[in-house]
Amino acid sequence: MIEKGKTVLLAALVLISLIQSYFLAYSMPSMEANERTEQDYVKTDSLGPEMKVEQLLLPEELVVHMGGDKHTVFYPNDSFYDRVLDKLVAREFKGFQSDSVDSIDWDQVRRDDPGIEVRFARAIPFELLQRVFKIDSNFLFSADSISRIWIFARKDRDEVRTFFFSADGRNVYEALRADLTVQDVNQYTGFGQYWTPFSYWQNGVYVPEKPRSYGSADVPFTRYTPDQIERNLFFDPGTTRMIQDRQDGTQIYTDGKKGLQIEQAGGWMSYTDPAAPTDSQNDLGDNIASAVQFVNQHGGWIGSHRFVRGEGTSADSVIRFQQYYKGLPILPASGFRFGYIQLTIQQGFVSSYERSLLVLNEQERKDLAPRQLSAGSSLRNKVQAAAGAEVVESIFPAFRPTLQKDSVRMEPVWAIRLASGEIRAVP
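First residue of the sequence shown: 1, per UniProt numbering; consecutive thereafter.
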């Protein structure tokens, strides 16, 4: 009887041992408490909404040629801008071949042939442009960047030609099989007959022949707090300390490696990480994608933005996004940094990140009287005075911001972009 009991007990012990071995081999014990990663130190706040890369690569303007040396320009706030762009992104462009930019008499095309120019504020890497337009993925020249697209219907024959201009201005890439007809082009350019007429000036720049009016507004705002920004940029805020609080309100935070400076009464931040590589080969497309991902994770997007060329910066490591309000860009203002996000990136690693911390409340804005902007010879004279000896690349309407007590005043002005990348308001 005793031996039988021992046998049953031994069998039970063996069974228990097998069950324990099974759980040790196949269960998922929690290990997080034993080893923490940097990301485990803090739960990042969700501040602003995220954006996709293609949402930030839209054109700065659409130049419309109607034949007979008649032209107009659609800006992002214009109703026809969206209508034309929506039609173009739905078309397909295939079968590319390369040629010299001098192979076409572009002055004659501009004067005589109906067409659309899609112009970007900064040349877009081809691989990223494919996210906006339906472009043949087997494109042999995909390492290049594209500054504009020109689609036109030949006046003397029933055909449409489409050219993509390289960033250096030397080459064009023609899509031999574009999904466009002469009727399509005539429809797009037909919208221009109902819009402000523009005349060609110089260096590809167009000037309105009639004044245009835009509304001003006082827009209330809130701020991201230093605590929110600190928690979004430092993996362990517990090791971060404020090393300086100046009389002007500037606050400086550091964890011993990375630094965060909050200034302009809590309205602007500059973040630096000196651990980023400084001497390495860069890829503009990868850097743009990395910049968008970083902003998505660290602050999000306040309003709409577009990828542009930074002032005095042409290196692929400097990525700048211009903020737009009511379809118009917000100009950098003297003494009041506002209206853009800029990052410096090396091989996907962010070494600097600066942006505004003001969050505009457009729903509670106070609309002010519209302002009429000059046109024709008056505008050309003002542009020349504002540019001095510099070459003007573009003229466009914009908002000039002024900081009020509890709001930002948005006043419409004409702005110019110079060959250096600098943007100036036209008085």
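Every residue, glycine too, gets a C-beta built ideally from N, C-alpha and C.
This structure is a prediction, so every number in the text was calculated from the model and none was measured.
Burial is judged here by how many other beta carbons sit within 10 angstroms of a residue's own beta carbon; Ser290 has at least 16 and is buried. DSSP places Lys326 in the coil class of the three-state scheme, outside both helix and strand. In this structure, the straight-line span from the alpha carbon of Leu403 to that of Lys366 is close to 14 Å. Among the bridge pairs identified by DSSP, Lys366 is matched with Asp218. Setting aside the 5 residues that flank it on each side, Leu85 has no residue in the same chain whose C-beta is closer than 6 Å to its C-beta. Per the DSSP secondary-structure output, Met269 pairs in a beta bridge with Ile262 and Arg355.
Taking the CA atoms as reference points, Ile319 sits about 5 Å from Leu343. In this chain, the alpha helix (DSSP H) harbouring Lys382 covers Gly376 to Ala387.
Taking Asp316 as reference, the option from Pro125, Pro329 and Ile116 with the minimal CA-CA separation is Pro125. Taking the Cα of Phe221 as reference, the smallest distance to any Cα among Gly421, Asp136, Ile302 and Phe93 is reached at Ile302.
Take Ala275, set aside five residues on each side of it, and the residues of its chain with a beta-carbon closer than 7 Å to its own are Lys257, in chain order. Counting along the chain, Phe294 sits inside no beta strand (DSSP E); it lies in the alpha helix (DSSP H) bounded by residues Leu284 to Gln297. A distance below 8 Å between beta-carbons, with the five flanking residues on each side excluded, links Met242 to the following residues of its chain, in chain order: Gln251, Ile252 and Tyr253. A distance below 7 Å between beta-carbons, with the five flanking residues on each side excluded, links Ala369 to the following residues of its chain, in chain order: Ser216. Around Glu127, the same chain offers Ser142 and Gly285 as residues with beta carbons nearer than 8 Å, after the five sequence neighbours per side are excluded. Where Val172 is concerned, the enclosing beta strand (DSSP E) starts and stops at Asn171 to Ala178.
Three or more pairs of CB atoms, one per stretch, sit closer than 8 Å, so the region 152-160 contacts the region 182-196.
Classified as exposed, Ala389 has fewer than 16 neighbouring CB atoms from the shown chains inside 10 Å of its CB. Taking the CA atoms as reference points, Ala425 sits about 21 Å from Ser199.
For Trp150, the pairing in a beta bridge is given by DSSP as Glu117 and Phe163. Within the model, the alpha-carbon separation for Gln187 versus Ala398 is close to 28 Å. In this structure, Ser351 sits away from Gly339, with a CB-CB distance that is not shorter than 8 Å. When DSSP states are grouped into helix, strand and coil, Gln130 belongs to the coil group.
With contacts defined by Cβ atoms closer than 8 Å, Gln97 and Leu47 do not form a contacting pair.
For the 8 Å CB-CB criterion, Arg148 and Glu117 form a contact.
Arg371 carries a strand assignment under DSSP once its states are collapsed to helix, strand and coil.
Secondary structure of Ser79 (DSSP, three-state): helix. In the DSSP assignment, the residues bridged to Gln342 are Arg320 and Glu354. When the beta-carbon positions are compared, Arg306 and Phe294 stay at least 8 Å from each other. Here the alpha carbons of Phe93 and Asp82 stand approximately 20 Å from one another.
Excluding the 5 residues flanking it on each side, Ser100 has same chain C-beta neighbours closer than 8 Å at Arg170, Asn171 and Val172, in chain order. Distances from the alpha-carbon of Ala333 to those of Val109, Ala121 and Arg409 put Arg409 closest. Judged by DSSP secondary structure, Gln247 falls outside any alpha helix (DSSP H); it is assigned neither H nor E. The beta carbon of Thr272 sits closer than 6 Å to the beta carbons of Gly259 and Ser352 from its chain, once the five residues preceding and following it are set aside; these are given in chain order. Here Arg122 has Phe307, Val308 and Arg309 as same chain residues with Cβ atoms under 7 Å from its own Cβ, once five neighbours each way along the sequence are excluded. The residue from Phe191, Gln264 and Glu354 with its alpha-carbon nearest to that of Leu62 is Phe191.
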